[in-house]
Amino acid sequence: MAISRVSSVSSSKQLLSNLCFRFIRPLNTSSAVSSVGFAEKQDSTTVLLPSTEVSEDVKGLFSSVPTGKLIRSFLTLKMVSMEPVVDLGTWVMTSSLMKTALFRGMVVGVTKATFFDHFVAGRNHEEAGEIVKMLWKDGLGGMLDYGLEHAYDSVSCDLNMEAFIQTIESTKLLPLSSVSAAVVKITAICPVDLLKRMSDLLRWEFKEKTNNLPWKMNTLPIFTDSSPLYHTLHKPEALNSQEEKDLELAHQRLHNIIQKCEEANVPLVIDAEETLIQPAIDYFTYSAAILHSKDDSPLIYGTFQAYLKDTKERLISAKRAADKMGLRMGVKLVRGAYMSTESQIAASLGYDSPIHNSIKHTHDCYNNCASFMLNEIANGPGSLVLATHNFESGKLAAAKARDLGIGKDRQKLQFAQLYGMAEAVTYGLKNAGFQVSKYLPFGPVEQIMPYLVRRAEENKGMLSTSSLDRQLMKLELKRRAKAAIL
Ligand SMILES: Cc1cc2nc3c(=O)[nH]c(=O)nc-3n(C[C@H](O)[C@H](O)[C@H](O)COP(=O)(O)OP(=O)(O)OC[C@H]3O[C@@H](n4cnc5c(N)ncnc54)[C@H](O)[C@@H]3O)c2cc1C
């Protein structure tokens, strides 16, 4: 069980928002943090708490977590911070040894007891629903993310669609507004090979400045002049009749999911994936957003990855086009989770990586895109989900949102963090008055493996996102040990 399931002591949440100010500078040295925090008004006590007070704060924060669970969560985060362990774990999870039943069974067992319980909200929507209820009591929303990705044929796509629809249906039994979004990966409902073919054709159309894709519906701009087009070096064949039929089926699946979302009054967030197939994902997102455009707030959110060099230009161009059409654009902004694949593919084709050359450029891109969107939505159409664990990005966006008068009541801005990660950022923003949600991936252990591999990659390294959470847990474990001895 992850700590986020049990951190329901209200006073401790306030204290946690204070704690992050005290701890963030020494621990999260990858980003400079000024003394201004998420809260509107900072007094000196929130920046520098005396150490005796800190140990009381941590006690409150973890008061309902049994020591065994606390140790397990701490060890899980500690394990994923060790690069050799993560490299070995990633190799094991993706190796051909996994085809052996006995070996697979062992790996699944270990994963279930460690990473899975920490980073995943349950094996099915009933279990995830319980987490939603707990978060709701804590003043947080839940984004339900049934962990399905990469289907290769229509039968699996249909099954996946049914699973997404069931998930959306299940929200009707949960407290009103407790589910802030349902999440879908287009790779789960459209065969991946077709997404590659469509992306090739879209790139070629943009490259050659032609307009000859008979299947193409009304959409927003997918590329700009700075977009990487190296995946498509030769003119692709047009879609054959079978591919066109498969495309029609994929549109229909997305349409069915959206209809369920409309019925349940739950927005749909579409995740971003690798650049190899992202043009097709954007195409599905934009064409569906245009078809299902609403007058009040967006029903569909597309995702922009700030680690890509062309993202800021792409975001501005899509937003401008949406405004011209009168479309209220929903944007989720992330840094991006496919770094190693992107670099490998680009290198194998002899091109530069599409990812910013330094982490600083990624941070700047994220903060600039957030700032652009905040200005846009302050007095204009559109909504924004800032999905990040980065304290500095949260702090900058919170300050700007306050300046622009975008608050909780406006329903225009939401922050989001992944389940089992960045509790200090989550509660800090929530206590500062913003709407905050946890992304809740759920599903059977074996199905959720690719997600766990990405989380392990992201948390490795001593200065990773989870370092603050680890430090808070360590403090509490020390405090309990001392109390037991004395
Ligand atoms: C709610 C939510 C939804 C998400 N949805 C998606 C999604 O749809 N698609 C997706 O791809 N990801 C998604 N992610 C994951 C996200 O993209 C990041 O992997 C993760 O959140 C870490 O970024 P951060 O903003 O939290 O920043 P930080 O905690 O500061 O992490 C920064 C990370 O960025 C990486 N990085 C980026 N650019 C560079 C660079 N140029 N050089 C070196 N390192 C670099 C590093 O690995 C580093 O660990 C989501 C995350 C959240 C919280």
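Residues in the sequence shown are numbered from 1 upward in steps of one, following full-length UniProt numbering.
We treat Cβ as the ideally placed atom computed from N, Cα and C, and that holds for glycine.
query, result
"6 Å CB neighbourhood of R314 in its chain, flanking five on each side removed", "T224"
"Boundaries (first-last residue) of the alpha helix (DSSP H) holding K69", "T67 to S81"
"Contact between the stretch 324-336 and the stretch 379-396 (3+ Cβ pairs under 8 Å)", "yes"
"Ordered list of beta strand (DSSP E) runs contained in the stretch 234-290, each at least 3 residues", "268-270"
"Any 3 or more C-beta pairs closer than 8 Å across the stretch 132-144 and the stretch 88-108", "no"
"Bridge partners - L144, DSSP secondary structure assignment", "A182 and L440"
"Under the three-state DSSP convention, the category L452 falls into", "helix"
"Inter-stretch contact at 8 Å, needing at least 3 Cβ pairs: the stretch 437-448 / the stretch 117-133", "yes"
"Residue from A378, V269, A370 and L233 with nearest C-alpha to K395", "A370"
"Best match in V86, T76, K309 and I131 for proximity to L440 [C-alpha to C-alpha]", "I131"
"For I355, the residue or residues it bridges with in DSSP", "L308"
"heavy atom of ligand 1 below 7 Å from T388 C-beta", "yes"
"Contact test: G336 Cβ vs ligand 1 heavy atom, cutoff 7 Å", "yes"
"Pick from E243, I258 and V108 that is closest to F164, judged by C-alpha positions", "I258"
"Pairwise C-alpha distance: H125 and A39", "No answer about A39 holds up, because its pLDDT of 48 lies below 50 and its placement is not dependable."
"L429, enclosing beta strand (DSSP E) - first and last residue", "Note, L429: premise wrong, no beta strand (DSSP E); alpha helix (DSSP H) at E423 to N431."
"Check whether P267 and A401 have beta carbons under 8 Å apart", "no"
"C-beta contact flag for L229 and R203 at 8 Å", "yes"
"Alpha-carbon spacing of L201 relative to A399, whole angstroms", "42 Å"
"Whole-angstrom distance between T303 and S154, CA atom to CA atom", "25 Å"
"Alpha-carbon spacing of S383 relative to F103, whole angstroms", "46 Å"
"A424 vs G405 beta-carbon contact at 8 Å", "no"
"Closest residue to R253 among A318, M325, M161 and S241 (Cα-Cα distance)", "M161"
"Burial state of R455 (16 or more Cβ within 10 Å)", "buried"
"Alpha helix (DSSP H) runs wholly inside the stretch 104-179, at least 4 long, in chain order", "125-137 and 154-170"
"Classification of M106 by the beta-carbon crowding that lies within 10 angstroms, buried from 16 upward", "exposed"
"For P298 and R328, believed in contact at Cβ under 8 Å, the rounded distance", "5 Å"
"Proximity of K319 and S226 at Cβ, strictly below 8 Å", "no"
"Start-to-end residues for the beta strand (DSSP E) that takes in V334", "G330 to V334"
"Alpha-carbon spacing of K430 relative to G420, whole angstroms", "16 Å"
"CB contact flag (S73, G129, <8 Å)", "no"
"Given K133 as reference, the closest of A484, T275 and L173 once Cα atoms are compared", "L173"
"Residues sharing a beta bridge with V385, DSSP", "K332 and Q414"
"C-alpha gap between R22 and Q471, whole angstroms", "For R22, the predicted model reports a pLDDT of 43, less than 50, meaning its position is unreliable and no value from the coordinates is stated."
"Three-state secondary structure (DSSP) of Y419", "coil"
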